[in-house]
Amino acid sequence: MKLTKHMLSLLVMITLLWCSLNGFAAHGEKKTEKKAIMLVTFGTSDPEAGKVFDRIDEQTRKAFSGMEIRWAYTSKMIRAKLAKEGKFLDSPEMAMSKLMSDGYTHVAVLSLHTIPGEEFHELYQNAQLFGQMAGGFEKILVARPLLSSAKDMETVAGTLMKNIPGRKPADAVIFMGHGTGCHPADALYLAMNQVFQEIDSRAFVGNVEGKLMIETLLPRLKQLKIKKVYLVPLMSVAGDHAKNDMAGDEPESWKSILTRSGYSCESILKGTADYPEIVEVWLDHLRTVLAHF
Ligand code: CO
């Protein structure tokens, strides 16, 4: 019998349909469902602050017992720095490749970032691209970062405000968020400032980069006749920015700027991920994604 072009394409279609219906991969390998969680953080070069990742790991394992959990770090700078000390960390792309070659079919990626900024979008885009690869994942979904809804913001702000030991009502609090000058998600810090303001008119958000620089807050502190300011990181980890740019003794640190302006300062060196209630906000985002598997 002579195979016509039409018969050939029909044959190909039937074969493809048979493969997809039976869940068979190439060479007749049956794909068994294997699910994994990938936790993705910016990373930190501060070993003491890095211990927070062990606690997130523990809390995640408790919440999703029995599931494979892998870590990845978005900061190239931090990965390079730690590699010099002999600690080799995976980028999200390396971690995704490993999961793919280890035969995982469903991957839930949790962005442990604070806002859906540059790192989140890169992660999201690359996860989509990994999802399109042939013979790889059946599903790879990315869970949202910390500040993804008004409710998230209220939980985070409420928890942080409850954890400023020794603060009197007359004292101000400034939360140091990272901020970004090159992503529209920087505006979330303005929203977060509003949420803090609704809880307490003496609580503000400032940023290392982006719109809310510390200098913009000085007139407001003066107006409110503030004497003492508490400095608190609005970052997952109380690492380099918190220890140096916020609480350090260098002339450009927030503590130095505020002290020169006549305020007494107290710093709280705890990141948002130090609070299990806040880690729970991230884990809720993970739950939402896992519900789609
Ligand atoms: Co930075």
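Heads up: the sequence shown begins at 115 in this note's numbering, then just goes up one per residue.
For every residue, glycine included, the Cβ atom is placed at its ideal position computed from N, Cα and C.
Where do the ends of the alpha helix (DSSP H) carrying K303 lie?
Checking the displayed sequence, the identity of residue 303 turns out to be Tyr instead of Lys. Counting along the chain, the alpha helix (DSSP H) containing Y303 begins and ends at A301 to I313.
Report buried or exposed for T219, applying the criterion of at least 16 other Cβ atoms within 10 angstroms of its Cβ.
buried
Whole-number beta carbon distance between T188 and E233, since they are thought to touch under 8 Å:
4 Å
Would you mind working out which of E172, L226 and P230 sits nearest H297, comparing C-alpha positions?
Across the set E172, L226 and P230, the C-alpha of P230 shows the shortest separation from the C-alpha of H297.
DSSP three-state call for E394: helix, strand or coil?
helix
List the whole-angstrom C-beta distance separating S350 from L237, where the pair is believed to meet the contact cut-off of C-beta under 8 Å.
Going by Cβ atoms, the distance from S350 to L237 rounds to 15 Å, so no, they are not a contact pair.
Status (buried if at least 16 other CB within 10 Å, exposed otherwise) for P408
Nothing can be reported for residue 408: it is not among the residues displayed for the chain, which extend from 115 to 407.
I'd like the span of the alpha helix (DSSP H) that includes E182, first residue to last.
Per DSSP, E182 belongs to no alpha helix (DSSP H); it is in the beta strand (DSSP E), E182 to Y187.
So what does T155 bridge to, in DSSP terms?
Y187
Closest by CA to G376, which one among K336, M208 and S159?
K336
Hey, is the segment 242-260 in contact with the segment 276-288, meaning 3+ C-beta pairs nearer than 8 Å?
no
Sort out for me which residues DSSP pairs H220 with in a bridge.
K149 and K253
Is F234 helix, strand or coil by DSSP?
helix
To the nearest angstrom, report how far apart S315 and E364 are at their CA atoms.
When the Cα atoms are used, S315 and E364 turn out to be separated by approximately 29 Å.
For C379, which beta-bridge partners are listed by DSSP?
V343
Hey, would you say A186 sits closer than 7 Å to D204, going by beta carbons?
yes
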